[in-house]
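Numbering (the working numbering), first residue to last: 730 to 933.
We put the CB at the ideal spot given by N, CA and C, even for glycine.
The structure appears right after this line, and notes come after that.
What follows is the structure, given as structure tokens:
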């Protein structure tokens with residue numbers, strides 16, 4: 730599939746019209762999506778930005794949410810298709826590795842900073858420490874987090890609903906193909922004034 734066309738696949742699916750109580754459910758959050766969702770303020774430290782991520786999750790999705798992060802192997806050539814895609818993006822954006830700690834202030838654009846897998850991996854380590862300090866649940870995959878997210882929907886029988894939050898159309902399609910529970914939803918949050926959309930996976 731051509732690059733840049735995958736997100737348009739969402740238009741092929743109808744958002745859910747079924748009522749459900751989101752407050753009584755459990756949320757599974759794609760960590761990569763979270764990094765791009767929360768606004769990183771200019772002039773703030775990496776630690777402060779990570780604090781904002783934790784506050785965002787606690788406020789929007791309760792402290793019982795499960796955040797799942799991707800892993801970034803040292804050798805990108807031995808990984809799977811996601812590693813190959815990360816390598817392609819890194820070469821395209823020519824993003825360099827930034828040596829930083831949590832007390833430092835970002836000096837490059839956030840998009841360029843995240844384009845380098847090593848930068849992102851180090852940032853995730855800081856963020857996981859923050860989640861741990863407030864007893865929030867998180868997991869980190871060796872590489873692709875999709876498998877861990879799919880396994881996490883096994884929580885469905887013990888909760889009123891399970892809501893997977895992300896934007897990756899590939900994850901959405903995987904969940905559609907594998908989900909057998911009628912209380913699992915995929916939440917795609919819009920940008921700007923775009924409305925958020927819930928998709929009930931079992932209907933497909």
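Determine the burial state of residue 718: buried for a count of at least 16 other Cβ atoms within 10 Å of its Cβ, exposed for fewer.
The displayed coordinates of the chain run from 730 to 933. Any statement about residue 718 would go beyond what the structure contains.
Could you give the distance in angstroms between the alpha-carbon of residue 769 and the alpha-carbon of residue 780?
11 Å
Among 739, 794, 755 and 760, whose alpha-carbon lies nearest the alpha-carbon of residue 856?
760
Which first and last residues belong to the alpha helix (DSSP H) in which residue 871 is found?
Here residue 871 belongs to no alpha helix (DSSP H), and DSSP marks it neither H nor E.
Give every residue of the same chain whose Cβ lies closer than 7 Å to the Cβ of residue 860, excluding the five residues on either side of it in the sequence, and list them in chain order.
783, 796 and 867
List the endpoints of the continuous beta strand (DSSP E) containing residue 759.
755-759
Distance CB(residue 755)-CB(residue 884) smaller than 7 Å
yes
At the level of alpha carbons, what is the spacing between residue 853 and residue 881?
20 Å
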